[in-house]
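First the structure, in the form of structure tokens, and then the observations on it.
Protein chains: 2
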Amino acid sequence: MSTNFSVVGKSLPRSDARIKAVGAARYCDDIIRPGMLFGKILRSPVAHAKILNIDVSKAKALPGVKSVITADDTLKIRFGNWRLVPESQDELPLATDKVRFIGDEVAAVAAIDKDIAEEALSLIKVDYEELPGAFSVDESMAEGAPVIHEANPNNISLQRKIDYGDLDQGFADSHLILDNEFTVHATSHAYMEPCSCVAEYDHDGRLTIWTSTQTPYFVQCLLAQTLGMRENDIRVIKPFVGGGFGGKMELRKWEFCAAFMARETGRPVKFTLTRSEELTTGRRRHPMKIRSKIGFSKDGIILAKEFTAYLDGGAYNSMGPTAAFLCGNFGGMLYRHPNYRYNGYHVYTNKPPAGAMRGFGAPQALFVAETQMNMAAQELGMDPLDIRLKNAMVTGDEIPGVAKISSCGFKESLLKVAEMTNWREKRKNLKKGQGIGIGCYSFISGGVFNWFNTRYNFTRAEVRAFDDGTVHLLTMASDIGQGCDTVLRQILAEELGLEVKDIRLTAADTAVTPQADLGTWGSRVTLMAGNAVRKAAAEIKEQLFKVVSMKFDLNVIHDMACKDGRIYAKNRPDRGIDFGEAVRLAQRANRGDPIIGYGSYTPRNKGLVTPAFSFGAQVAEVEVDLETGAIEVKEMNTAHDCGTPINPMSVEGQLEGSVHMGLGYALSEQFIMKGGKTLTSTFLDYKIPCAEDMPPGKSVHIDTYEPEGPFGAKEAGEGLVSPTAPAIADAVCHATGYRCMDLPITPEKVLKGLGKL
Amino acid sequence: MSTNFSVVGKSLPRSDARIKAVGAARYCDDIIRPGMLFGKILRSPVAHAKILNIDVSKAKALPGVKSVITADDTLKIRFGNWRLVPESQDELPLATDKVRFIGDEVAAVAAIDKDIAEEALSLIKVDYEELPGAFSVDESMAEGAPVIHEANPNNISLQRKIDYGDLDQGFADSHLILDNEFTVHATSHAYMEPCSCVAEYDHDGRLTIWTSTQTPYFVQCLLAQTLGMRENDIRVIKPFVGGGFGGKMELRKWEFCAAFMARETGRPVKFTLTRSEELTTGRRRHPMKIRSKIGFSKDGIILAKEFTAYLDGGAYNSMGPTAAFLCGNFGGMLYRHPNYRYNGYHVYTNKPPAGAMRGFGAPQALFVAETQMNMAAQELGMDPLDIRLKNAMVTGDEIPGVAKISSCGFKESLLKVAEMTNWREKRKNLKKGQGIGIGCYSFISGGVFNWFNTRYNFTRAEVRAFDDGTVHLLTMASDIGQGCDTVLRQILAEELGLEVKDIRLTAADTAVTPQADLGTWGSRVTLMAGNAVRKAAAEIKEQLFKVVSMKFDLNVIHDMACKDGRIYAKNRPDRGIDFGEAVRLAQRANRGDPIIGYGSYTPRNKGLVTPAFSFGAQVAEVEVDLETGAIEVKEMNTAHDCGTPINPMSVEGQLEGSVHMGLGYALSEQFIMKGGKTLTSTFLDYKIPCAEDMPPGKSVHIDTYEPEGPFGAKEAGEGLVSPTAPAIADAVCHATGYRCMDLPITPEKVLKGLGKL
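If you're matching them up, the sequences are chains F and Z in order. Under the working numbering, residues 155 to 911 are what the first sequence spells out, in order. Under the working numbering, residues 155 to 911 are what the second sequence spells out, in order.
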């Protein structure tokens, strides 16, 4: 990492820190529009049924009710994020012939207040003919299972494959083969801000919708599709968003209903979900059954791996196709796999659909892969650290036909975290009940494959420079709490030699920010939008260099600098002027037109998966109460390679959040379900870790530079959600001998594993 | 006028017609922001005084009061629209040493509701030392008059001159010389929406202000100046505006106070003026005393004119400098004046400042000039029509060093209105008490002189084209009810071969619309923003022509068309594709970047005044009750030359509005004042005409084509406010023999003129 940066690499406070701290940040539910109506959704109380009849007459007659809609009022156009594969678009804005899970959206009401809307819901009479349900991949794939979507009689909606090398030969050459089955469970995004949106009609054919989303552009396109409107007659604005984690990256049915009813009634319509709706019917991380067969040479070199995942997708595809692919990708990452085969099956069940969630297939794949590495080390009598070092990917490695690793600090991360934790010593010498374990990860910096089938570059930035020394950055990139509003301003400030305070930002408004940005998911924003911002800045600089060059009559070979608020000749810093003055002159040269720069970014020549991979290793230290099975995580330490951290404090915040979410995944969070019904409907039942559950620990950043990233940056903060569960599981095994292959690691399972239950 | 237009020249309903009709259009006072405070202004109760002390302690102590400010809290930076002449900037956001009129802003309060804010005002104690006041230009210019601004000991803040030809020779050659003094009175803009603004701070150094303004860019710049902030740290957004007429084109003190207190308190702050505040303290049309000396040859040819205006500017310059210049310009317009001299004096008085108002100096100048033409006709025994036809300007005429008349339908207007009204017949044969009179006008299509000293082009447009067949027009041009949002879309639709419904518009937001547009005043928008829109459209077309040319392998000499939603070769219409498909291909050619076009406009080589002049003639028919002096306007007919009317229905609406405002100016509206206090504080006292007062009448458009205007268009709707008063005055004179030289024409004056009072 270069140390010449002025703004990049600095732990600057977020630009939204103050407004959030004083409570003045306005989220979607804070929006008040004159004459606004309040919407509520009627959801299916049964997991699988035919809809025989819906009678909304009583609801419509209730005073204060302004609109009641069912599928019959709509165009019944299917939608889904995978526009590239139209047959994957399996959702309707409102259920028509069938409901497929408890919570499936059946009707919507808009009324002058929430209570009336609730009462109206209770007046809608739906006649269901119940059907048998399937609530696990095994049940769904069993002979004679109920068919959930008629287009997929076997309940498998899609299959993804990765296959390279000679798998049979690899296994034939193997000294040790492990062949195990694992299951991983669903968890909730549990974002602090429940979903909310407000739609407003302009009485001239156009709609505006403010919504708590990660992907304004997706919402714009899919709303247009389902409403039968033109894309650009719909404007989507993302206000402050209180977390997303993958749970807010699709068109949601209440967004459709708000837009539809706003158009119908001519009045603004707001929907805000309750926490209970979120927990019982919302998207979640895919539960999976994964079979992994892996072969090693005598000295611990991976020779072959066959990885098969069955994703429990719930009632609809949602982001399952991507999770199915990425799960297989991550099953083959981190280590050199000369021969690898992956089969991923996305299976429908009568449960709330699973979707994208922080890690996006990686937490599941890496729990399995990393646990199996630990099992192999055990079998081969090796230190888990050593078996990893032997197989670890390095810069320049290639996954045939898929990706090239252009920067990799994995080995360094392994060595660093071992040093930080005194790994070798502790691994040998802890007493019974105490354990130390390791888990590793790699993650993507955005995706290459264009499943949304956008016609735009993946991201674009516009930069306007002003003679008051400020610039205005316009981008559709969406800050949902992860901090990209600050990071993009840091990148721009660095590039233009300004300070963050000099940069106004307008973001995430599909009408006025540049077309387009694919949104916040897969850790794509810093690298992709960051690159676009740099290119836009370069266009600004070129214009300013010209006028300074003219003003000082500089020889054409002069290199120019844009630094410390000045534009000057690098070798003659006295020949230069202030940034604002240079803009003023450039505007004179433009005869009054403003100074604007544009930049776009789409990954090119970067394979199928991502422009850049991050890496890291994490070590968990636990103490297990052998009488109760209770697990206390004593410490979590991490070494990771995110390229250049644009804002180290922000990276640290992300890492703390990842550990927190990883802890919940490993130990405490789970949906308790019965016949398709989610019983854990509040945060009293659905147990996310509290602040006091957070273990101490450090994270150390490995010094790498990603050539594809802005100033060398790549993913930070999403990948690290993955190693926590396998590290803890390994530490528990180290402490107790119990090897968890079925998340979460509950005290009951520990005791059972120890033969005490 | 070409008849080949598809959209231009069509009477399309306004794009905001429906939202306004259903009551869903949101004006500034409709804006609700969480935690919003309500602001009120403390105004001076005395016309001229030193401020000895202001005690706000009791107001600050009132529960619910969040901020109380006086000048001492502020930076005390003077401001005004004439940035080019800094010494003309004579206003402070809040009065410091002195107050200069009843209503001068002294302090401001922000509280949790309006009642508390009002109560807090009553708790502010201001000690004044009263000074003698001057309430007319005569009083102000008298020996020993009280000095209102120390920088101008003679109370004349500025003088404007126009001088060409040899005046003395002209008068020496004259057969008839008239030398008269006229007075014209102040009138209120009486816009339906009282001024309102909401300011909000982002807790990161930036402010947003929604305000009922004609000139978002002015507000942005002047707020920055007075707050000591950077221009681009302030965002000004114009919501729907309920009329302006020149009264909302400056930074207003409540805008400053809202912004200042929003920044101070961290909470949104709203100010909305009452109608009474508007009427008693708001801007108004300049009262003037005008002396006009004019010489004619024996056969009625104008040989010389000396025109001297004393503008009663009230306590501050406001837009007085422009009114002072334009008054002189219009004094020399309409007819050929070979020798002309103008002196305009802007005089301070202790009254609410006069500002810009529809006509901007023309209603005053033209009441005088047109009345004097009618007087001259009388003296020379000519028909008022004939004396006009003899002197009328024609296309190609030049005002030396000032302007060139590039299109002129004045003579045609005169002949047409005479024909429409059967003028010659009626002028001779009406019975006593009945009269017919004529008044004419010319007006500007925006100004050339850059008194605001912008560094930007006068206007700029951005057009984004989408593959769904829509385009998005971004412009800072401000619709304040005059209809430019529709007109600009018509111009763009015409240029791109689309329909108005295909065009989304984002306007009048200083952060996201292109830098910059000088706002809505002087009838500048259609011509200037229209030209920018056409240029932006041309950039779009060029991109689309390229891909269609490639797709059909067209010879380079092919002319291309963009019409009826298609792009095609003009001579081979089959070789073409839909607009949206062409955009899709162009975007492919751009490898994903959007299709955008830009256009700017600043008048070049168009003299000092305006790029284009409109012309017209109006005939009033009245019946005067000779016993009571009551005047009934029986009919108003108009023939006018606005170049190509982009939207004839919209032009007609403007003309009706002009007649309405002209009626009020001529007959009923006036501020009754006493010692600087405005007594007409409600619409019960200040009498604007009602719908039932509107006379019938037609308006006919003269077919001209202005080469500088978009599709031949120029000013419509502002100039026509001027001829109404002189036409009515002439008709009254025709009916009664009473020649009004002192507006308004009240029954009392008529009776006095007839010797009956």
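Glycine included, C-beta positions come from ideal geometry on N, C-alpha and C.
Hey, would you say Gln-368(F) sits closer than 8 Å to Gly-673(F), going by beta carbons? yes
Taking the runs of the beta strand (DSSP E) that are 3 residues or longer, which of them lie wholly in the region 249-337 of chain Z? 259-265, 279-284, 310-318
Answer yes or no: do Ser-221(F) and Asn-334(F) have a C-beta to C-beta separation smaller than 8 Å? no
Simplified DSSP assignment, three categories, for Arg-729(Z): strand
Residue range of the alpha helix (DSSP H) that includes His-888(F): 878-890
Could you give the distance in angstroms between the alpha-carbon of Asp-258(F) and the alpha-carbon of Ser-198(F)? 5 Å
Cβ shell of Asp-387(Z) (< 8 Å), same chain only, five flanking positions each side left out: Gly-359, Arg-360, Leu-361, Ala-378
Along chain Z, in chain order, which residues have C-beta atoms closer than 7 Å to that of Ala-615(F)? Here the premise fails: no neighbours, minimum Cβ distance about 11 Å.
Chain-ordered chain Z contacts of Thr-756(F) [CB-CB under 7 Å]: Gly-746
Please list, in chain order, the residues of the region 175-205 of chain F that have any C-beta partner in chain Z closer than 9 Å. Ala-175, Val-176, Gly-177, Ala-178, Ala-179, Arg-180, Asp-184, Ile-185, Ile-186, Arg-187, Pro-188, Gly-189
Cα separation between Gly-163(Z) and Pro-802(Z)? 6 Å
Find the residues of chain F that neighbour Gly-635(Z), judging by a C-beta separation of less than 8 Å, and give them in chain order. Near Gly-635(Z) there are no residues of chain F at all, since even the closest Cβ is about 16 Å away, more than 8 Å.
Going by alpha carbons, who is nearest to Ser-599(F) out of Ile-316(F), Phe-394(F), Arg-438(F), Gly-684(F)? Gly-684(F)
Any chance the region 853-861 of chain F sits against the region 747-760 of chain F, with 3 or more Cβ pairs inside 8 Å? no
Beta-carbon neighbours of Thr-379(F), restricted to chain Z and to distances below 9 Å: According to the sequence shown, residue 379(F) is Gln rather than Thr. Neighbours of Gln-379(F) on chain Z: none; closest Cβ ~11 Å, over 9 Å.
Would Gly-513(F) and Ala-885(F) qualify as a contact pair, given that the criterion is a beta-carbon distance under 8 Å? no
Would you mind listing the beta strand (DSSP E) stretches within the region 474-524 of chain Z that are 3+ residues and don't spill past its ends, in chain order? 494-502
Got a sec, what are the start and stop residues for the alpha helix (DSSP H) Gly-411(Z) sits in? Checking the displayed sequence, the identity of residue 411(Z) turns out to be Cys instead of Gly. Looking at the DSSP string, the run of the alpha helix (DSSP H) that includes Cys-411(Z) is 407-419.
8 Å Cβ cutoff, Gln-140(Z) in contact with chain F: Given that chain Z is displayed from residue 155 to residue 911, the structure contains no residue 140(Z) and the question cannot be resolved.
May I ask which residues mark the beginning and end of the alpha helix (DSSP H) holding Asp-718(F)? From DSSP, Asp-718(F) is part of no alpha helix (DSSP H); its letter is neither H nor E.
Determine whether the beta carbon atoms of Lys-689(F) and Cys-716(F) lie at a separation below 8 Å. no
So if I threshold CB-CB distances at 9 Å, which residues from the region 618-634 of chain F count as touching chain Z? Arg-618, Phe-620, Asp-621, Asp-622, Gly-623, Thr-624, Val-625, His-626, Leu-628
Which residues of the region 692-709 of chain Z have a Cβ closer than 8 Å to any Cβ of chain F? Give them in chain order. none
If the cut-off is 9 Å on Cβ atoms, which residues from the region 636-659 of chain Z count as contacting chain F, listed in chain order? Lys-655, Asp-656, Arg-658
So Gly-761(F) contacts chain Z; which residues on that side make the cut at Cβ distance below 7 Å? Residues of chain Z passing the Cβ test: none, with the nearest at roughly 18 Å.
Chain A residues whose Cβ lies nearer than 9 Å to that of His-303(F): Judged by its chain identifiers, the structure shown contains no chain A, and its protein chains are F and Z.
When the cut-off is 8 Å and only beta carbons count, does Asp-387(F) lie next to chain Z? yes
Where Tyr-859(Z) falls: helix, strand or coil (DSSP): coil
Give a yes or no on whether 8 Å exceeds the smallest Cβ distance from Met-155(F) to chain Z. Legend: pLDDT at Met-155(F) = 44, less than 50; position of this residue unreliable, value from coordinates given subsequently. Answer no: the Cβ-Cβ gap between Met-155(F) and chain Z never drops below 8 Å.
Element boundaries [alpha helix (DSSP H), containing His-912(Z)]: Lying before the first or after the last residue shown, residue 912(Z) is absent from chain Z, which here runs from 155 to 911.
To the nearest angstrom, report how far apart Glu-524(Z) and Cys-594(Z) are at their CA atoms. 7 Å
Check Ser-567(Z) in the structure and name its three-state DSSP category. helix
Chain Z residues whose Cβ lies nearer than 8 Å to that of Arg-172(F): His-357, Asp-358
Which two residues bound the contiguous alpha helix (DSSP H) that contains Phe-699(Z)? 679-705
At a CB-CB cut-off below 9 Å, which residues of chain Z make contact with Glu-611(F)? It should be noted that the sequence gives Asn, not Glu, for residue 611(F). Those within 9 Å of Asn-611(F) in chain Z are Asn-744, Arg-745, Gly-746, Asp-747, Pro-748.
Under 8 Å, do Asn-791(F) and Gly-851(F) count as touching if we go by C-beta distance? yes
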